[in-house]
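One structure below.
In the working numbering, the protein residues as written are 186 to 462.
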């Protein structure tokens, strides 16, 4: 099976993006893991697919897979690349589209030549939304790890996130605690682990150990989750610059049930074709 694809990235968070509308695509988890392999395949953090939506209110169905082949519910950086991709492939002429996902929907809009704005659902702090095992909803939780207990904020952005504060972004806690938080028993479906350094009320630095992919250069939903938790803790304003390893995202949230907005760049690296046995 030959598959045409585009290799793209949002701040270094890289994707293989496939048009599953013009091509007959039937990928197994092992196929996705092979494509994502940086030595044997193309290499990517996530694989994205543009599919037809069965609902006429949406332009496309936006499907996301992690590098290990598991299906994901959300990817903010991928969403920006998704709009870039469907325009690049001539699947739409619109600059503002609505997409359906496994766990909700979102709106994508090109606001400048190199910037795309994504409207995400309001953050959900209810433990069952992640899911997260907790007696009741709280602003923060104590999470026992193998050698320490840390304080986290837990929030769903359509996918689960645990956010903890660090004194400096260069901490080795990402390497050692990231995998342990991701697979913690209190997160039955695993979790994305964010490590946030607050510079001031309008600026944070962030690293994210992503569920199913490991640490990436940028995580859009992780940036949104960190700002939501920071606001919940009354540490951040409603507009925040998030500095990730791969670059900057602007996150805006007015709180409560209001949608959250993420703005950032995308890049097309190359178009290609891969043959699967």
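By construction, the Cβ of each residue, glycine as well, lies at the ideal position given by its N, Cα and C atoms.
Worksheet entry | Contacting residues, own chain, Cβ-Cβ under 8 Å from residue 281 (five flanking each side not counted) | Excluding sequence neighbours, residue 281 sits near 292, 293, 294 and 295.
Fill in: Contact check, residue 262 vs residue 404, beta carbons under 8 Å
Contact: yes.
Fill in: Same chain, Cβ closer than 7 Å to residue 236, five either side skipped, listed in chain order
Counting only Cβ-Cβ distances below 7 Å, and skipping sequence neighbours, we find 205, 206, 245, 246 and 248.
Worksheet item: Mapping DSSP to helix, strand and coil, what is residue 396?
Response: Looking at residue 396 - three-state DSSP - the assignment turns out to be coil, as it is neither helix nor strand.
Practice prompt. State buried or exposed for residue 373, treating a residue as buried only when at least 16 other CB atoms are found within 10 Å of its CB.
Written response: Classification of residue 373: exposed, given that the 10 Å Cβ count is below 16.
Worksheet item: Per DSSP, which one or two residues make a beta bridge with residue 468?
Response: In the structure as shown, the chain begins at 186 and stops at 462. Residue 468 is therefore absent and cannot be evaluated.
Item to complete: Step through the CB atoms of chain D and report whether any lies within less than 8 Å of the CB of residue 358.
Response: Among the protein chains of the structure shown there is no chain D, as only one such chain exists.
Worksheet entry | Euclidean distance between Cα positions of residue 396 and residue 277 | Rounded to the nearest whole angstrom, the CA to CA distance from residue 396 to residue 277 is 31 Å.
Discussion item. Classify residue 327: buried if its beta carbon has 16 or more other beta carbons within 10 angstroms, exposed otherwise.
Written reply: Around the beta carbon of residue 327, a 10 Å sphere encloses fewer than 16 other beta carbons of the protein chains shown; the residue is thus reported as exposed.
Practice prompt. Excluding the 5 residues preceding and the 5 following residue 383 in the sequence, name in chain order all residues of the same chain whose CB lies nearer than 8 Å to its CB.
Written response: Excluding residues up to 5 positions away in sequence, 350, 389, 415, 420 and 421 lie with their Cβ nearer than 8 Å to the Cβ of residue 383 in the same chain.
Discussion item. Can you check which of these residues, 218, 338 and 442, is closest to residue 324 by C-alpha distance?
Written reply: Of the candidates 218, 338 and 442, 338 places its Cα closest to the Cα of residue 324.
Discussion item. Given this structure, state the Cα-to-Cα distance separating residue 270 from residue 225, to the nearest angstrom.
Written reply: Spanning the two alpha carbons is a distance of roughly 24 Å.
Discussion item. Can you look up residue 413 in the DSSP assignment and give me helix, strand or coil?
Written reply: Note: residue 413 maps to helix in three-state DSSP.
Discussion item. I believe residue 308 touches residue 445 by the beta-carbon criterion, under 8 Å. Please report the beta-carbon distance rounded to the nearest angstrom.
Written reply: Indeed, because the Cβ distance is near 6 Å, the residues count as touching under 8 Å.
Worksheet entry | Element boundaries [beta strand (DSSP E), containing residue 273] | Careful: residue 273 lies outside any beta strand (DSSP E), inside the alpha helix (DSSP H) at 261-273.
Worksheet item: For the candidate residues 355, 391 and 336, whose alpha-carbon lies nearest to that of residue 366?
Response: Taking residue 366 as reference, the option from 355, 391 and 336 with the minimal CA-CA separation is 336.
Item to complete: Inspect the beta-carbon positions of residue 438 and residue 413 and report whether they are closer than 8 Å.
Response: Residue 438 places its beta carbon less than 8 Å from that of residue 413.
Worksheet item: residue 347 to residue 264, Cα distance in whole Å?
Response: When the Cα atoms are used, residue 347 and residue 264 turn out to be separated by approximately 21 Å.
Fill in: Continuous beta strand (DSSP E) assignments of at least 3 residues falling wholly in the stretch 317-361
Within the stretch 317-361, the complete beta strand (DSSP E) runs of at least 3 residues are 326-329, 334-341 and 345-350.
Discussion item. Using DSSP's beta-bridge definition, name the partner residues of residue 248.
Written reply: DSSP, once it has assigned bridges, lists 234 as partnering residue 248.
Worksheet entry | Extent of the continuous alpha helix (DSSP H) run through residue 372 | For residue 372, no alpha helix (DSSP H) segment is defined, and its DSSP state is neither H nor E.
Practice prompt. Verify whether the separation of the beta carbon atoms of residue 190 and residue 266 is less than 8 Å.
Written response: No, Cβ-Cβ distance for residue 190 and residue 266 is not below 8 Å.
Discussion item. If I measure Cβ to Cβ from residue 430 and keep anything under 6 Å in the same chain, skipping five residues before and after, which residues do I get?
Written reply: Closer than 6 Å at Cβ, skipping near neighbours: 402.
Worksheet entry | Assumed close pair residue 210, residue 232 - CB separation to whole angstroms, cut-off 8 Å | That belief does not hold up - the Cβ atoms of residue 210 and residue 232 are roughly 11 Å apart, past 8 Å.
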